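A.B. asks:
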Amino acid sequence: MRPPPRTRRLVAPLTAGALAACALTALPAAQAHAAGSVVKVTGGQGAWQLTVDGQPYRIKGLTWGPSPADADRYLADLRSMGVNTIRTWGTDATSKPLFDSAAAHGIKVIAGFWLQPGGGPGSGGCVDYVTDTAYKNRVLDEFPTWVRTYKDHPSVLMWDVGNESVLGLQNCYSGTELERQRDAYTTFVNDVTKKIHAVDPNHPVTSTDAWAGAWPYFKKNAPDLDLYAVNAYNAVCGLKSAWEQGGYSKPYIVTETGPAGEWEVPDDANGVPLEPSDRAKADGYTRAWGCVTGHQGVALGATMFHYGTEYDFGGIWFNLLPAGEKRLSYYAVKRAYGGDTTRDNTPPVITDLTVEGDAGGVPAGRDLTLSVRAADPDGDPVGYEVLDSSAYIDQNRNLTSLPFTDLGGGRLKVTAPDRPGVWKVYVKAKDGHGNVGVETRSVRVVPPPVNGTDLALGKPATASSFQPGYGDCPCPAADAVDGDPGTRWASDWSDPQWIRVDLGTRTAFRHVQLLWEASYAKAYTVQTSDDGQTWGTVRTVTDGNGGVDDLDVSGTGRYVRINATTRGTGWGYSLYEFGVYG
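Per the working numbering, the sequence shown starts with residue 707, numbered consecutively.
1. If distances are taken between C-alpha atoms only, which option among Thr1146, Asp897, Asp1073 and Cys878 comes closest to Val1152?
2. Can you give me the C-alpha to C-alpha distance between Thr794 and Ala1008, rounded to a whole angstrom?
3. What's the gap between the Cα of Val845 and the Cα of Val898?
4. Using DSSP with H/G/I as helix, E/B as strand and the rest coil, what is Pro762?
5. Short of 6 angstroms in beta carbon distance, which residues of its chain neighbour Arg764, apart from the five on each side in sequence? Order them along the chain.
6. Hey, how far is the Cα of Gly1044 from the Cα of Leu863?
7. Under a Cβ-count criterion, where at least 16 other Cβ atoms within 10 Å of its own Cβ denotes burial, should Glu950 be classed as buried or exposed?
8. Put Asp989 into one of helix, strand or coil per three-state DSSP.
9. What did DSSP end up calling Trp1222 once you bin it into helix, strand or coil?
10. Do Ala1216 and Arg1264 have their CB atoms nearer than 9 angstroms?
11. Hey, could you find the ends of the alpha helix (DSSP H) Gly1089 is sitting in?
12. Let me know if Arg1049 comes out buried or exposed under the rule of 16 or more other beta-carbons within 10 Å of its beta-carbon.
13. Is it buried or exposed for Tyr1176, if we count other Cβ within 10 angstroms and need 16 for buried?
14. In chain order, what residues of the same chain lie with their CB nearer than 6 angstroms to the CB of Thr1060, ignoring the 5 residues before and after it?
15. Counting beta carbon pairs with one atom in the stretch 870 to 880 and one in the stretch 929 to 936, are three or more of them shorter than 8 angstroms?
16. Between Phe1161 and Asp1258, what straight-line distance do the alpha-carbon atoms span, to the nearest angstrom?
17. In the DSSP assignment, find the beta strand (DSSP E) that holds Thr1287 and state where it starts and stops.
18. What would DSSP say about Phe1215, mapped onto helix, strand or coil?
19. Tell whether a beta-carbon distance below 9 angstroms holds between Trp1222 and Val1254.
20. Excluding five sequence neighbours on each side, which residues of the same chain lie with their C-beta closer than 6 angstroms to the C-beta of Trp1241?
21. What do you get for Thr839, buried or exposed, if any count of 16 or more other CB atoms within 10 angstroms of its CB means buried?
22. Taking just the CA atoms, how far does Lys1040 sit from Ser983?
23. Relative to the C-alpha of Val682, which residue among Asp1086, Tyr891, Gln755 and Asp783 is closest?
24. Are the Cβ atoms of Asn940 and Pro972 separated by less than 9 angstroms?
25. With DSSP run on the structure shown, which of helix, strand or coil describes Gln751?
26. Nearest to Gly750 by alpha carbon, out of Val1004, Ser743 and Lys1136?
27. Measuring alpha carbon to alpha carbon, tell me which of Asp1018, Gly1288, Trp1199 and Tyr1037 ends up nearest Ser786.
28. Measuring CA to CA, which of Asp1124, Tyr1098, Gly1138 and Pro1087 is closest to Gly1116?
29. By how many angstroms is the C-alpha of Ala1070 removed from the C-alpha of Leu1281?
30. Residue range of the beta strand (DSSP E) that His909 falls in?
31. Look at the alpha carbon of Ile813 and the alpha carbon of Ser861, and state the distance between them as a whole number of angstroms.
32. How long is the line joining the alpha carbons of Thr1159 and Gly1288, rounded to whole angstroms?
33. For the stretch 779 to 814, which segments carrying the alpha helix (DSSP H) assignment without a break, of at least 4 residues, lie completely within its bounds, in sequence order?
34. Would you mind giving the Cβ-Cβ distance between Thr800 and Asp866, rounded to the nearest angstrom? I have them listed as a contact below 8 angstroms.
35. When burial is assigned at 16 or more other CB atoms within 10 Å of the CB, is Val744 buried or exposed?
Okay, here's the thing in C-alpha cells:
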C-alpha cells in the first residue's frame, strides 16, 4: 500500500535539515580507528536477530538531537537510561566527535545518510530519480567515502540510507510519474546499498521510510538491503500485521516512534491538531516499545523519537528534554529500556488545564486566565511558566515566554496575543530539579468587540494601490471593509500608501479598529476629509506593531483614510479589516 499523506506534519525530524545542508561537504581522507564490530542479521524467516561480534543485540535506542560536538555532555545520561543505540540522519566530517563519544560510552550508532526529498513533507527539494544522474553519481561517490572513513569505528552499528523519501516524493510528483519516481528511488537505494556493501561487508544497510507503505517498493526494487526501517508513531502497533500481510522476507527496525503526531490526532474545537497530554505522550512510548518487542524474531528494536533539547513547537510535542528539562516521557523511555529509576526525582504532573471563558473567542490584547491543576509526586514546590506559539498562523515554530500574574489556586493571568488567529498556549510546571510537566491548549484570538455600528462596513473603498495577483490576491481595498477577516487589502511594496472609505455623508465617529495582516504599518495617520481632497489628521501612530489597533478618536467627515508612511516589514501594507465606529 502507499504511504498515507502527512501534509500537516510540522514536526519533521529536528536535526534533519541541518544535517542535509552539510551532506555534500568536502570529504577528508579515511581516518584510522580501532577495529570495528562485526554486525550481522542472522537467523531465518520470522526468527531473525541482530548480532554484534556474535552476540545477540536488541536495539534500545533514541534518535539523536544535540550537536555531535556536545556528545560528551549527554551520552552518559543516555547510557543511564538503558539506551544502547542512537540514530542520526546524516554522516560527514562533523560526525566523528559523536562516534568517538558513543564508543567511549558503550553506545552504537545507526549512521544515517540523507536523500532528497526526505522528512515527510519533502524537505531538501525535489530530485528526479529517473533522469538526474549527476545527483545520483555524486551520492554514489560520497556515501561510500564516508563509509570507508568510519567503517572500522567501534561505534558503528549499521548504515541507514534515506529518510521518508518514498513518502516525500508525493510532494513532488503525482499519478504515474510518482510511481516511476518511487521505483527509481528505491532502485537507487539498492545501488547505494551495493556500493556500501562493497566497501564495508561488516555492517548491515537499511533504509528508512514512513509507515509500511514503502515496503512494497523496497521489496521489489531493493533486494540488497539487509533489513527494513520504518518511522511509525501512533500506528506502530499495526506494523506486525502489515508485515505479515505483505509477505515480507526481511526483518525491520523502527527508526522513529513515540506518541501520536499531528497527522494522527483529531482537531480540537479551534480546528488545530489536539496535542496529547504529557501523560498520554509518556504512555505512547511505553505502548510503542511493547509493540516493537511484541513482534518477536522480526522487529529487531527501535530508536524512539526524540532525545532532543530543541525548545520550540516540535520540541514541546516530542522532545524528551526540551531546554534540557526532563519530562514524563523521558522516564517512561528509561523504564522501558531497563534504566534504574529508583532514585529519580520525577516531573510535576499536570492533570488539568483549562481556558477560562470562551477559548474560541479570546479578545486580542485583553486578559486571558488559565486554570492549571498540577502536583509533584516527590512533594516539590511547583513553579510555573506560560508561553505561546503562533505556528498555526505564520509557521513560526518559536515559543515566547509570557509575563503572568499568579492569582492563586492554579489560576494564571496573561495578556492574550494581539494578533487574531489560533494560538497555542503552554503551561510549564517545574520542580526545581530539572524536571518539567507541559500542557497546551489552543485559543482563537479575535478582534476585541467595539460598541456601536461599523460605519465603514460594505461602503466604497479605494486605495493608492493594490496587489492584483500574488498568493491569495487580488486584494482590493473593498476586502478591508467587507466584514470578512479572511480577506484583505494589500498594497504595493513601497511607502507611502493609503486606503480610504467613503461613508456616504459627513459622519461623526469615535473609534477606529484596524486588523493588520503580517504586513503592518509601523507609522501611519488616521485622517478625515469632506471632499476627498483636503485631509485633516485625527490620530498619529508611530509605534505600530501589527495585530489589532484599537484607536479612540474624535473625527467627523465623509471620508476616513489610513495614510501609512512606514512599513513594519519588507512587504507592503495589508489590512484584513478597517472598521470605523460611531
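Built from N, CA and C at the ideal position, the CB exists for glycine as well.
Keep in mind the model is a prediction, meaning the values are calculated, not measured.
C.D. replies: Let me lay it out:
1. Reading the sequence shown from its first residue, position 446 is the one you call residue 1152. Among Thr1146, Asp897, Asp1073 and Cys878, the Cα nearest to that of Val1152 is on Asp1073.
2. Residue 794 sits at position 88 when you count from the first residue of the sequence shown. Residue 1008 sits at position 302 when you count from the first residue of the sequence shown. Approximately 13 angstroms between the Cα atoms of the pair.
3. Within the sequence shown, numbered from 1, the residue matching residue 845 stands at position 139. Within the sequence shown, numbered from 1, the residue matching residue 898 stands at position 192. Cα to Cα, the separation comes out at about 8 angstroms.
4. What you label residue 762 is simply residue 56 of the sequence shown in a count that begins at 1. Looking at Pro762 - three-state DSSP - the assignment turns out to be strand.
5. Working through the sequence shown from its first residue, we reach residue 764 at position 58. Cβ within range, chain order: Gly1007.
6. The residue given as residue 1044 occupies position 338 in the sequence shown. The residue given as residue 863 occupies position 157 in the sequence shown. Going from the Cα of Gly1044 to the Cα of Leu863 covers about 21 angstroms.
7. To locate residue 950, count along the sequence shown from 1; it is residue 244. It counts as exposed.
8. Translated into the one-based positions of the sequence shown, residue 989 becomes position 283. Helix at Asp989.
9. Taking the first residue of the sequence shown as 1, we reach residue 1222 at position 516. Reduced to three states, the DSSP call for Trp1222 is strand.
10. Reading the sequence shown from its first residue, position 510 is the one you call residue 1216. Reading the sequence shown from its first residue, position 558 is the one you call residue 1264. The amino acid at residue 1216 is misidentified as Ala; the sequence shows Arg. Contact: no.
11. If you number the sequence shown from 1, residue 1089 lands on position 383. Taken as a continuous stretch (DSSP letters only), Gly1089 belongs to no alpha helix (DSSP H), being part of the beta strand (DSSP E) at Gly1089 to Ser1095.
12. What you label residue 1049 is simply residue 343 of the sequence shown in a count that begins at 1. Under a 10 Å Cβ-count criterion, Arg1049 is classified as exposed, with fewer than 16 other Cβ atoms of the shown protein chains found around its own Cβ.
13. Looking up residue 1176 in the sequence shown gives position 470. Result: exposed.
14. Your numbering for residue 1060 matches position 354 in the sequence shown. Non-local beta-carbon contacts of Thr1060 in its own chain, meaning distances under 6 angstroms to residues more than five positions away in sequence, involve Ser1077 in chain order.
15. They do not touch, by the three-pair rule.
16. On the sequence shown, residue 1161 is found 455 positions in, with the first residue counted as 1. On the sequence shown, residue 1258 is found 552 positions in, with the first residue counted as 1. The sequence shown places Leu at residue 1161, rather than the Phe named in the question. Roughly 15 angstroms separates the two Cα atoms.
17. Locating residue 1287 in the sequence shown gives position 581, counting from the first residue. Here residue 1287 is Tyr; the residue named in the question, Thr, does not match the sequence. From DSSP, the beta strand (DSSP E) with Tyr1287 extends over Ser1280 to Tyr1287.
18. Taking the first residue of the sequence shown as position 1, residue 1215 is located at position 509. Three-state result, Phe1215: strand.
19. Here residue 1222 corresponds to residue number 516 of the sequence shown, with the count starting at 1. Here residue 1254 corresponds to residue number 548 of the sequence shown, with the count starting at 1. Here Trp1222 is near Val1254, since their CB atoms are less than 9 angstroms apart.
20. As a working note, residue 1241 is residue 535 in the sequence shown. Excluding residues within five positions, the ones whose Cβ falls inside 6 angstroms are Gln1233 and Ser1235.
21. Numbered from 1 along the sequence shown, position 133 holds the residue referred to as residue 839. Here Thr839 is exposed, its C-beta having fewer than 16 other C-beta atoms within 10 Å.
22. As a first step, residue 983 must be located in the sequence shown, where it is residue number 277. As a first step, residue 1040 must be located in the sequence shown, where it is residue number 334. The straight-line gap from Cα to Cα measures roughly 19 angstroms.
23. This structure leaves residue 682 out entirely; the chain is present only between 707 and 1288.
24. Within the sequence shown, the letter at position 234 stands for residue 940. Within the sequence shown, the letter at position 266 stands for residue 972. The answer is no: Cβ separation not under 9 angstroms.
25. Indexing the sequence shown from 1 puts residue 751 at position 45. Here Gln751 sits in coil by DSSP.
26. Position 44 of the sequence shown, counting from 1, holds the residue named residue 750. The candidate whose alpha carbon is nearest that of Gly750 is Val1004.
27. Sequence index remark: in the sequence shown, residue 786 carries index 80 (1-based). Of the candidates Asp1018, Gly1288, Trp1199 and Tyr1037, the one whose C-alpha sits nearest the C-alpha of Ser786 is Tyr1037.
28. Here residue 1116 refers to the residue found at position 410 of the sequence shown. Relative to the Cα of Gly1116, the nearest Cα in the group Asp1124, Tyr1098, Gly1138 and Pro1087 belongs to Pro1087.
29. Here residue 1281 refers to the residue found at position 575 when the sequence shown is read from its first residue. Here residue 1070 refers to the residue found at position 364 when the sequence shown is read from its first residue. Using only the alpha carbons, I get a separation of about 16 angstroms.
30. Start at 1 with the first residue of the sequence shown, and residue 909 comes out as number 203. His909 -> no beta strand (DSSP E), and no H or E assigned at all.
31. Within the sequence shown, residue 813 is the residue found at index 107, counting from 1. Within the sequence shown, residue 861 is the residue found at index 155, counting from 1. Looking at the two C-alpha atoms, the distance is approximately 6 angstroms.
32. Locating residue 1159 in the sequence shown gives position 453, where the first residue counts as 1. Locating residue 1288 in the sequence shown gives position 582, where the first residue counts as 1. Taking the straight line from one Cα to the other gives about 6 angstroms.
33. 802 to 810
34. The residue given as residue 800 occupies position 94 in the sequence shown. The residue given as residue 866 occupies position 160 in the sequence shown. Not really, about 17 angstroms apart at Cβ, beyond 8 angstroms.
35. As a position in the sequence shown, residue 744 is number 38, starting the count at 1. Flag for Val744 reads exposed.
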